[in-house]
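Engineer: Take this structure first; my questions come after.
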Amino acid sequence: MKIIPKNIIKKIDFVEKYILVIPMLFFAFGVVIDVIFRKLFHFNLSFLQEFGKYLMVYITFIGASIGVKIKAHPNMSAVIDVMPDKFKIIFVFISNLLCALAMGFTGYWSWMQFSLYKRMGTVTTTLENIPVYLLYLVVPVSLTVMSIRFFMRCYTDTREISKTIRVGVTYK
Amino acid sequence: MIVVSCFFVLLIIGVPVSIVILLSSIVGISIYSNIAFTIVPQQMFNGLGNFVLLAIPLFIMSGNIAAKGDIARRLVNLMRMTFSGIKGGSVIAGIVACSFFAAISGSSMATIVAIGGILMPALINMGYSRELAEGSVTAAGSIGILIPPSCSMIMICVAMNTSVGRQYLAGFIPGILLASVWSLYIYILCRKGNVQDVKEYSSEEKKKIWKESLLALLYPIIVLGSIYTGFATPTEAAAIAFVYVVIIEIFVFKIMSLGQIIEECKKALVSSGSIIIIISCAAVLNWLVTTQQIPANISMWITNHVTSKILFILIIGLIFFVSGCFMDLIALIIILGPILQPTLGVFEIDAIHFGIIAIMYTQMAYLTPPFGLNLYVTMGMQNRSLIQVSRAVMPFLVILLIMTIAFSFIPEISLFLPNLLMR
């Protein structure tokens, strides 16, 4: 999208890459240290189990959100692939719009759930009493970003297909 | 009925599988339930609470790094040396290298790209037919989901609530048998051929190749050994495997930089996030079907209409084969697993054996035209048409079909090791 400058998109991509990878690297190396400590010194890093649970949520939602941008979400494209481009453009638009709405509504419900967690004031048990709502925040944020990205794809995918129709090649 | 129609319509128009499941569940909740919609994100959040799921991104990260690094080349060299004394040895080496690499990457496509990229051009240069070179590697790549540690198997265990250790053990004998029968077919085919593929290695060369590939061979031993000796849980074993691959690629093989490792990790995490979100969305569907008692009703309907166990196994095989042509095994098992689970009990089918049946039929779907995923990987790599690659794969597919039927109806093949070692 031309409305967002390229250098800002690059910076967002850079930040996204590191906020996704660094916690996972920390977890992987932490687990190995934990196994060694447990076997050698009968001592374990108890917070890793709970950290792992929230990390799973974190990488799934952030990964899925980036996945929308690079079209990494698995779908059954067999029918769409064999369609002529003029029909394909309609179905791709509808598909992206439905995804944007689904993510938008689920995002809205997850913001409601977020406020509920905030009111309840639940905290983690082994992770230094971190409020659960802070750890849950990744869900509504990612769902909202996914919704925005699907709305953007309504425009970008349609534009790409129309371009292929004009040039006379098949859109893949 | 509305939910099912909604599901298929959305699937056909190309909506991502995770959102197909999510939207169908939302439609189902709005029709059949009075509960607030905040149940949707709540179930999505809770659906990711299983610690074993963390093994999936870790294995995908290790697989991506191994595919980019030097492990595949070293494995191919070792296998070519091992089978150098027999006719068709290099093609058989491809099958065995794929099986080993599958144990590292856990992915069919990564295996074809990593091993096929090295071996297919080499085999063609040696004088083997294109059909044999492409067919053998494309077929052997599909073994990735059967040979442990496989990410698909972890998903099956999460969906069916079974032990990852038992499921992994169940994949061993079918995987080894399948690779052996494919190798036997290649040997018979090449026995009368004119390809000069018998090479003598000096003891110096042998030592060098063994030394080079030892660290790559240790990978599956470390992962599976740590699980079965009780040293680590599957997630811990996946973390150990990841750290091991990073260390050998950066410090021993010196092929990859830290920047490349981070880039591969990012790709792996995006791809695993896009897959695992399916589990998250399926948690909403599972909540809906359970509260509506759908698995119990389906089980009752099936047992009223299908009286024979053989027929039931054939039906589930057919469902997985046909659906596997269009959808990923992970999505299929997450949707169908919990729904079919009560019926498995009625027909006395072990959930671990069911997992192997599902994998075998999906493996066939990966090789069946016109939708087989592995065919498209080879097409792209070798610049061949779908018909050419499908023809090349056909003999291997027929063998796979025979083996799949055998594994489906003789549960002892897959259950022997889990029953022996993990009672």
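Each protein sequence line maps, in turn, to chains A and B.
The C-terminal position of the first sequence is numbered 171 in numbering that gives the first Met the number 0, with every residue numbered one higher than the one before it.
The C-terminal position of the second sequence is numbered 422 in numbering that gives the first Met the number 0, with every residue numbered one higher than the one before it.
Here a beta-carbon is modelled for each residue, glycine too, at the ideal position from N, C-alpha and C.
Take the Cβ of Gln292 (chain B) as the centre, count every other Cβ of all protein chains shown within 10 Å, and call the residue buried at 16 or more, exposed below.
Structural biologist: On the second sequence, position 293 is the one that residue 292 (chain B) refers to. Exposed, since its Cβ has fewer than 16 Cβ neighbours within 10 Å.
Engineer: With 7 Å as the limit, tell me which residues of the region 63-77 of chain A have their beta carbon closer than that to any beta carbon of chain B; keep them in chain order.
Structural biologist: Ala63, Ile65, Gly66, Ile69, Ala71, His72, Pro73, Asn74, Met75, Ser76, Ala77
Engineer: How big is the Cα-Cα spacing for Pro15 (chain B) and Leu257 (chain B)?
Structural biologist: Along the second sequence, one-based indexing puts residue 15 (chain B) at 16. Along the second sequence, one-based indexing puts residue 257 (chain B) at 258. Going from the Cα of Pro15 (chain B) to the Cα of Leu257 (chain B) covers about 33 Å.
Engineer: Sort B:Ile246, B:Phe395, B:Ser279, B:Pro40 by Cα distance to Phe215 (chain A) and report the nearest one.
Structural biologist: Absent from the structure is residue 215 (chain A), since the part of chain A shown begins at 0 and ends at 171.
Engineer: What is the rounded straight-line gap between the Cα of Phe99 (chain B) and the Cα of Val3 (chain B)?
Structural biologist: Indexing the second sequence from 1 puts residue 99 (chain B) at position 100. Indexing the second sequence from 1 puts residue 3 (chain B) at position 4. Straight-line Cα distance between these residues: approximately 40 Å.
Engineer: Give the interface partners of Tyr132 (chain A) over in chain C, defined as CB-CB distance under 9 Å, in chain order.
Structural biologist: Here chain C cannot be found, since the structure's protein chains are A and B.
Engineer: So what's Pro130 (chain A) in DSSP terms, helix, strand or just coil?
Structural biologist: Position 131 of the first sequence, counted from the start, is the residue given in the question as residue 130 (chain A). The answer is strand: DSSP assigns Pro130 (chain A) an E or B state.
Engineer: Verify whether the separation of the beta carbon atoms of Ile351 (chain B) and Leu414 (chain B) is less than 8 Å.
Structural biologist: Numbered from 1 along the second sequence, position 352 holds the residue referred to as residue 351 (chain B). Numbered from 1 along the second sequence, position 415 holds the residue referred to as residue 414 (chain B). The answer is yes: Cβ separation under 8 Å.
Engineer: Would you list, in chain order, the members of the region 258-270 of chain B that have their beta-carbon closer than 7 Å to a beta-carbon of chain A?
Structural biologist: Ile261, Cys264, Lys265, Leu268, Val269, Ser270
Engineer: For Met151 (chain A), decide whether its Cβ has a neighbour in chain B, counting only Cβ atoms nearer than 8 Å.
Structural biologist: Here the question's residue 151 (chain A) lines up with position 152 in the first sequence. Answer no: the Cβ-Cβ gap between Met151 (chain A) and chain B never drops below 8 Å.
Engineer: Between Gly336 (chain B) and chain A, is the shortest Cβ-Cβ distance under 8 Å, so that the two count as touching?
Structural biologist: The residue you call residue 336 (chain B) lines up with position 337 of the second sequence. So, not an interface residue.
Engineer: Measure from the alpha carbon of Ala109 (chain B) to the alpha carbon of each residue in B:Gly84, B:Ile70, B:Tyr127, then state which is nearest.
Structural biologist: By one-based count along the second sequence, residue 109 (chain B) stands at place 110. The candidate whose alpha carbon is nearest that of Ala109 (chain B) is B:Ile70.
Engineer: Mind checking Phe58 (chain B): buried by the 16 CB within 10 Å criterion, or exposed?
Structural biologist: Indexing the second sequence from 1 puts residue 58 (chain B) at position 59. Per the 10 Å Cβ criterion, buried.
Engineer: Of all Cβ atoms in chain B, is any one closer than 8 Å to the Cβ of Met119 (chain A)?
Structural biologist: Counting from one through the first sequence, the residue named residue 119 (chain A) turns up at place 120. Closer than 8 Å: no.
Engineer: Going along the chain, which residues of its own chain have a beta-carbon closer than 6 Å to the beta-carbon of Leu44 (chain A), five neighbours each way excluded?
Structural biologist: Here the question's residue 44 (chain A) lines up with position 45 in the first sequence. Hits under 6 Å: Asp33.
Engineer: Taking the alpha carbon of Ile380 (chain B) as the point to measure from, which residue in B:Cys324, B:Ala330, B:Ala113, B:Phe230 has its own alpha carbon closest?
Structural biologist: The residue labelled residue 380 (chain B) in the question sits at position 381 within the second sequence. According to the sequence shown, residue 380 (chain B) is Met rather than Ile. Ranked by Cα distance from Met380 (chain B), the options B:Cys324, B:Ala330, B:Ala113, B:Phe230 are led by B:Ala113.
Engineer: Measuring straight from C-alpha to C-alpha, what distance separates Phe60 (chain A) and Ser273 (chain B)?
Structural biologist: Numbered from 1 along the first sequence, position 61 holds the residue referred to as residue 60 (chain A). Numbered from 1 along the second sequence, position 274 holds the residue referred to as residue 273 (chain B). Looking at the two C-alpha atoms, the distance is approximately 8 Å.
Engineer: Just how far apart, CA to CA, sit Phe250 (chain B) and Cys189 (chain B)?
Structural biologist: Numbered from its first residue, the second sequence carries residue 250 (chain B) at position 251. Numbered from its first residue, the second sequence carries residue 189 (chain B) at position 190. Distance between the alpha carbons of Phe250 (chain B) and Cys189 (chain B) is about 40 Å.
Engineer: So which residues of chain A does Phe58 (chain B) contact, with C-beta pairs closer than 9 Å?
Structural biologist: Here residue 58 (chain B) refers to the residue found at position 59 when the second sequence is read from its first residue. Ordered by position in chain A, no residue passes the 9 Å Cβ test against Phe58 (chain B), which lies about 11 Å from the chain.
Engineer: How many Å lie between Ala282 (chain B) and Pro337 (chain B) at the Cα?
Structural biologist: As a working mapping, residue 282 (chain B) is identified with position 283 in the second sequence. As a working mapping, residue 337 (chain B) is identified with position 338 in the second sequence. Rounded to the nearest angstrom, the two C-alpha atoms are 10 Å apart.
Engineer: Measuring straight from C-alpha to C-alpha, what distance separates Tyr132 (chain A) and Leu142 (chain A)?
Structural biologist: Here residue 132 (chain A) refers to the residue found at position 133 of the first sequence. Here residue 142 (chain A) refers to the residue found at position 143 of the first sequence. Straight-line Cα distance between these residues: approximately 15 Å.
Engineer: Taking a Cβ distance cut-off of 9 Å, strictly less, list which residues of the region 15-44 of chain B are near chain A, in chain order.
Structural biologist: Pro15, Val16, Ser17, Ile18, Val19, Leu21, Leu22, Ile25, Ala35, Phe36, Thr37, Ile38, Val39, Pro40, Gln41, Met43, Phe44
Engineer: Would you verify that the beta carbon of Glu235 (chain B) is, or is not, closer than 8 Å to some beta carbon of chain A?
Structural biologist: To locate residue 235 (chain B), count along the second sequence from 1; it is residue 236. By this cut-off, Glu235 (chain B) is an interface position.
Engineer: Per DSSP, what kind of secondary structure is Asn296 (chain B) in: helix, strand or coil?
Structural biologist: Counting from 1 along the second sequence, the entry for residue 296 (chain B) is found at position 297. Three-state result, Asn296 (chain B): helix.
Engineer: Give me the chain A residues within the contact set of Leu47 (chain B), using Cβ-Cβ distance strictly less than 7 Å, ordered along the chain.
Structural biologist: Here residue 47 (chain B) refers to the residue found at position 48 when the second sequence is read from its first residue. The contacting residues are Met55, Val56, Thr59.
Engineer: Return no unless some Cβ of chain A is closer than 8 Å to the Cβ of Ser279 (chain B).
Structural biologist: Position 280 of the second sequence, counted from the first residue, corresponds to residue 279 (chain B). A Cβ of chain A is located within less than 8 Å of the beta carbon of Ser279 (chain B).
Engineer: I need the DSSP call for Asn74 (chain A), collapsed to helix, strand or coil.
Structural biologist: In the first sequence, counting from the first residue as 1, residue 74 (chain A) sits at position 75. It is a strand residue.
Engineer: For the candidate residues B:Ser135, B:Ser212, B:Ser201, B:Pro148, whose alpha-carbon lies nearest to that of Ser179 (chain B)?
Structural biologist: Within the second sequence, numbered from 1, the residue matching residue 179 (chain B) stands at position 180. Looking at the Cα atoms, B:Ser135 is the closest of the given residues.
Engineer: Is it true that the region 314-334 of chain B meets the region 45-54 of chain B, where meeting means three or more beta-carbon pairs spaced less than 8 Å apart?
Structural biologist: no
Engineer: Could you spell out where the alpha helix (DSSP H) holding Cys264 (chain B) opens and where it closes?
Structural biologist: Position 265 of the second sequence holds residue 264 (chain B). Unbroken alpha helix (DSSP H) run through Cys264 (chain B): 257-290.
Engineer: Kindly list, in the order they appear in chain B, the residues whose Cβ is closer than 7 Å to that of Pro105 (chain A).
Structural biologist: On the first sequence, position 106 is the one that residue 105 (chain A) refers to. Note that residue 105 (chain A) corresponds to Thr in the displayed sequence, not to Pro. By Cβ distance, chain B contributes Leu21, Val39, Pro40.
Engineer: When the cut-off is 8 Å and only beta carbons count, does Val242 (chain B) lie next to chain A?
Structural biologist: Locating residue 242 (chain B) in the second sequence gives position 243, where the first residue counts as 1. Taking a beta-carbon distance threshold of 8 Å, Val242 (chain B) counts as an interface residue toward chain A.
Engineer: Comparing C-alpha positions only, which one of B:Ser83, B:Met154, B:Lys308 sits nearest to Gly354 (chain B)?
Structural biologist: Position 355 of the second sequence holds residue 354 (chain B). Out of B:Ser83, B:Met154, B:Lys308, B:Met154 has the C-alpha closest to the C-alpha of Gly354 (chain B).
Engineer: Taking Ala460 (chain B) and Ile146 (chain B) to be in contact with their CB atoms under 8 Å, please state how far apart those CB atoms are, rounded to whole angstroms.
Structural biologist: Nothing in the structure corresponds to residue 460 (chain B), since chain B is present only between 0 and 422.
Engineer: What number of angstroms, rounded off, separates the C-alpha of Leu374 (chain B) from the C-alpha of Phe395 (chain B)?
Structural biologist: Position 375 of the second sequence, counted from the start, is the residue given in the question as residue 374 (chain B). Position 396 of the second sequence, counted from the start, is the residue given in the question as residue 395 (chain B). In a straight line, the C-alpha of Leu374 (chain B) is about 13 Å away from that of Phe395 (chain B).
Engineer: Just to confirm, is the Cβ distance from Phe406 (chain B) to Met363 (chain B) under 8 Å?
Structural biologist: Residue mapping note: residue 406 (chain B) aligns to position 407 of the second sequence, counting from 1. Residue mapping note: residue 363 (chain B) aligns to position 364 of the second sequence, counting from 1. The answer is no: Cβ separation not under 8 Å.
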